[in-house]
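Numbering (the UniProt record's numbering), first residue to last: 1 to 206.
We put the CB at the ideal spot given by N, CA and C, even for glycine.
Down below is the structure, laid out as structure tokens.
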Amino acid sequence: MKKIILGALALSMLATSAAYAAPMTSMDKGTGKIDAAFSMGSSLKGEGDGESIDFGGNNRYRLGVTYGLGDKIGIDYKYAAHAGDIGSSLKSHQLNLMYQFNPNVAAFAGYVHNRVEADAKTGGTVSDTENGYQVGVLGRIAIAKRTSAWASVGVGNKITAYEIGVGYDLTKNFDVNLFYNDTKYKGMDGADFKTHNVNLGVTYHF
Numbered sequence: 001m002k003k004i005i006l007g008a009l010a011l012s013m014l015a016t017s018a019a020y021a022a023p024m025t026s027m028d029k030g031t032g033k034i035d036a037a038f039s040m041g042s043s044l045k046g047e048g049d050g051e052s053i054d055f056g057g058n059n060r061y062r063l064g065v066t067y068g069l070g071d072k073i074g075i076d077y078k079y080a081a082h083a084g085d086i087g088s089s090l091k092s093h094q095l096n097l098m099y100q101f102n103p104n105v106a107a108f109a110g111y112v113h114n115r116v117e118a119d120a121k122t123g124g125t126v127s128d129t130e131n132g133y134q135v136g137v138l139g140r141i142a143i144a145k146r147t148s149a150w151a152s153v154g155v156g157n158k159i160t161a162y163e164i165g166v167g168y169d170l171t172k173n174f175d176v177n178l179f180y181n182d183t184k185y186k187g188m189d190g191a192d193f194k195t196h197n198v199n200l201g202v203t204y205h206f
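Dropping the structure here:
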């Protein structure tokens, strides 16, 4: 709940000013963006049946594509890969429909597909695939001529996540982003898996 409140507070500070940095909240038909990010300092933990296992963390990556359909509607796909130091990995695919409230604030709702493989340290392994839904909101505010701050929060039956970051416009079509992500993947073989990491990424706008 604290994470959701923090995300909501961050979003409440967002004003309406144009910027090129991620996330994209203009859904004009035919416009879009492609994101790629490298995850650093990752952490992967599992909690269930009164146990808590820290799998450590290895560097991984995130990918995403957003495309505007027009009439304030867009579609967004995200992929995230996580891995621990000790025989564990988690992958998530997310497909969302987006609605633009104004040039800097949008809402999303969609489908989540999560897959985990982990050594349970009890002589067996955890292996599970879960499908679910999520809803959320995202936005941004210009904090300097070519720099924007942005945040997002999403909740669902199989995922809870928030993200906050800054983006710098290299050109009208390219920007670089530094952001923090905290995600809980819920109900994976009876356990919840938590990840958090710092990400360095680039976005191409078209």
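Problem set entry | One or two residues paired with residue 27 in a DSSP bridge | Paired residues: none, contrary to the question.
Exercise. Between the C-alpha atoms of residue 117 and residue 125, what's the straight-line distance to the nearest angstrom?
Worked result: Distance from the CA of residue 117 to the CA of residue 125, rounded to the nearest whole angstrom, comes to 7 Å.
Exercise. If you draw a straight line from the alpha carbon of residue 138 to that of residue 90, how long is it in whole angstroms?
Worked result: So the two alpha carbons sit approximately 24 Å from each other.
Problem set entry | Sub-9 Å separation of residue 33 and residue 24 beta-carbons | Taking 9 Å as the Cβ cut-off, residue 33 and residue 24 qualify as a contacting pair.
Exercise. Can you tell which of 98, 127, 59 has its C-alpha closest to the C-alpha of residue 78?
Worked result: Taking only the C-alpha atoms, the option nearest residue 78 is 98.
Exercise. Near residue 161, which residues of its chain fall below 6 Å by C-beta distance, leaving aside the five closest residues on each side in sequence?
Worked result: For residue 161, where only same-chain residues beyond five positions count, the Cβ hits under 6 Å are 154, 183.
Problem set entry | Three-state secondary structure assigned by DSSP to residue 171 | In the structure shown, residue 171 sits in coil (DSSP, three-state: anything other than H, G, I, E or B).
For this session: Grab the span of the beta strand (DSSP E) containing residue 145 for me, first residue to last.
Result: Here residue 145 belongs to no beta strand (DSSP E), and DSSP marks it neither H nor E.
For this session: Consult DSSP for residue 33 and reduce its assignment to one of helix, strand or coil.
Result: DSSP places residue 33 within a strand segment (E or B) once states are collapsed to three.
Problem set entry | Residue from 47, 29, 43, 30 with nearest C-alpha to residue 190 | Taking only the C-alpha atoms, the option nearest residue 190 is 47.
Exercise. From what residue to what residue does the beta strand (DSSP E) around residue 53 run?
Worked result: According to the DSSP assignment, residue 53 belongs to the beta strand (DSSP E) that extends over 51-54.
Exercise. Which same chain residues, not among the five before or five after residue 180, have their C-beta less than 8 Å away from its C-beta?
Worked result: Excluding sequence positions up to five before and after residue 180, its CB lies within less than 8 Å of the CB of 163, 164, 165, 196, 197, 198, 199, all in the same chain and listed in chain order.
Problem set entry | Contacts around residue 21, its chain only, beta-carbon distance under 8 Å, and the 5 residues preceding and following it disregarded | Note that residue 21 has pLDDT 44, beneath the 50 cutoff, so the model's placement of it is unreliable and no number is given.
Exercise. Quick one: what does DSSP say residue 110 is sitting in, helix, strand or coil?
Worked result: In the three-state reduction of the DSSP assignment, residue 110 falls in the strand class, which pools E and B.
For this session: Report the partner residues of residue 197 according to the DSSP bridge assignment.
Result: Beta-bridge partners of residue 197 (DSSP): 181.
For this session: For residue 43, collect the residues of the same chain with a Cβ closer than 8 Å to its Cβ; drop the 5 residues on either side in sequence, then sort them by chain order.
Result: Hits under 8 Å: 54, 56, 57, 194, 195, 196, 197.
For this session: For the region 58-68 and the region 102-111, state whether three or more C-beta atom pairs, one from each stretch, are separated by less than 8 Å.
Result: The region 58-68 makes no contact with the region 102-111: fewer than 3 CB pairs, one atom from each, lie closer than 8 Å.
Exercise. Who are the Cβ neighbours of residue 72 in its own chain at under 7 Å, not counting the five residues just before and after it?
Worked result: Cβ neighbours of residue 72 beyond the five flanking positions: 27, 99, 100.
Exercise. DSSP state of residue 189, grouped into three classes?
Worked result: Reduced to three states, the DSSP call for residue 189 is coil.
Exercise. Going straight from the alpha carbon of residue 62 to that of residue 171, what length do you get?
Worked result: One C-alpha to the other measures close to 22 Å.
For this session: Following the continuous beta strand (DSSP E) through residue 73, name the residue where it begins and the one where it ends.
Result: 73-83 is the span of the beta strand (DSSP E), which, as asked, contains residue 73.
Exercise. Where residue 35 and residue 74 are concerned, what is the direct C-alpha to C-alpha distance, given to the nearest angstrom?
Worked result: CA-to-CA, the gap between residue 35 and residue 74 works out to about 15 Å.
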